[in-house]
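Participant: Here it is: the structure, laid out below.
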Amino acid sequence: MNERFNKGMETMRQYVSEEELQQMVSNDALAHIAPDLRKLIVEYAYGDIYSRGELDAKERALVVISTVVTQGAAPQTKTHIKRGLYAGLTEAQIVEAILQLAPYIGFPRVQNALTLASEVFAAQQQNV
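Listed below in structure tokens is the structure:
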């Protein structure tokens, strides 16, 4: 792979375990219809954007969680809540960030996101 891909993979290690990272790389469910998607995510999102300075991994995780919650993207919300926990966010920080969105995106989306967060938190407790 190229330098951007390698940089992206290294940056991703701040958000996911090595086991999960290898699963993501080897088990790409969309590869049959969009073979370049994984490469774009790793190189652009993680290699170019996540690897920038100024924000640490926890701050970036809060930004991304807020963004996917705002979009109403349920699977990605769960994924990024899990990644935020891995990056060092607490459950309370994640909940507070989601609550801060209520005046801007409405209570239904916030309630949905908190339900997803609760599911992620429960699953994490079972894995401990």
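The working numbering puts the first residue of the sequence shown at 127, with every later residue one more than the last.
Glycine included, every Cβ here is placed at the ideal spot set by N, Cα and C.
Given the structure is predicted, the values throughout are model-derived calculations rather than measurements.
1. Specify the secondary structure class of E136 as computed by DSSP and reduced to three states.
2. From the DSSP output, in three-state form, read off I191 for me.
3. Less than 8 Å between the CB atoms is what I'm expecting for V190 and I224, so what's the real figure, rounded?
4. Can you give me the C-alpha to C-alpha distance between L181 and V151, rounded to a whole angstrom?
5. Of all the alpha helix (DSSP H) runs that stay within the bounds of the segment 155-213, which reach a length of 4 or more residues?
6. Output the distance between the C-alpha atoms of Y141 and Q202, rounded to the nearest integer angstrom.
7. Whole angstroms is fine: what's the gap from I167's alpha carbon to A187's?
8. Output needed for Y172: all residues of its chain with C-beta closer than 6 Å, excluding positions within five of it in sequence on either side, in chain order.
9. If you draw a straight line from the alpha carbon of A239 to that of E217, how long is it in whole angstroms?
10. How many angstroms separate the CA atom of L215 from the CA atom of R130?
11. Quick check on DSSP: helix, strand or coil for Q149?
12. Closer than 7 Å by C-beta to K165: which residues in its own chain qualify, once you throw out the five before and the five after it? Chain order, please.
Facilitator: So, to answer that:
1. helix
2. helix
3. 12 Å between Cβ atoms; not a contact.
4. 25 Å
5. 163-166, 183-197 and 200-213
6. 14 Å
7. 15 Å
8. G134, T137 and M138
9. 13 Å
10. 26 Å
11. helix
12. F131
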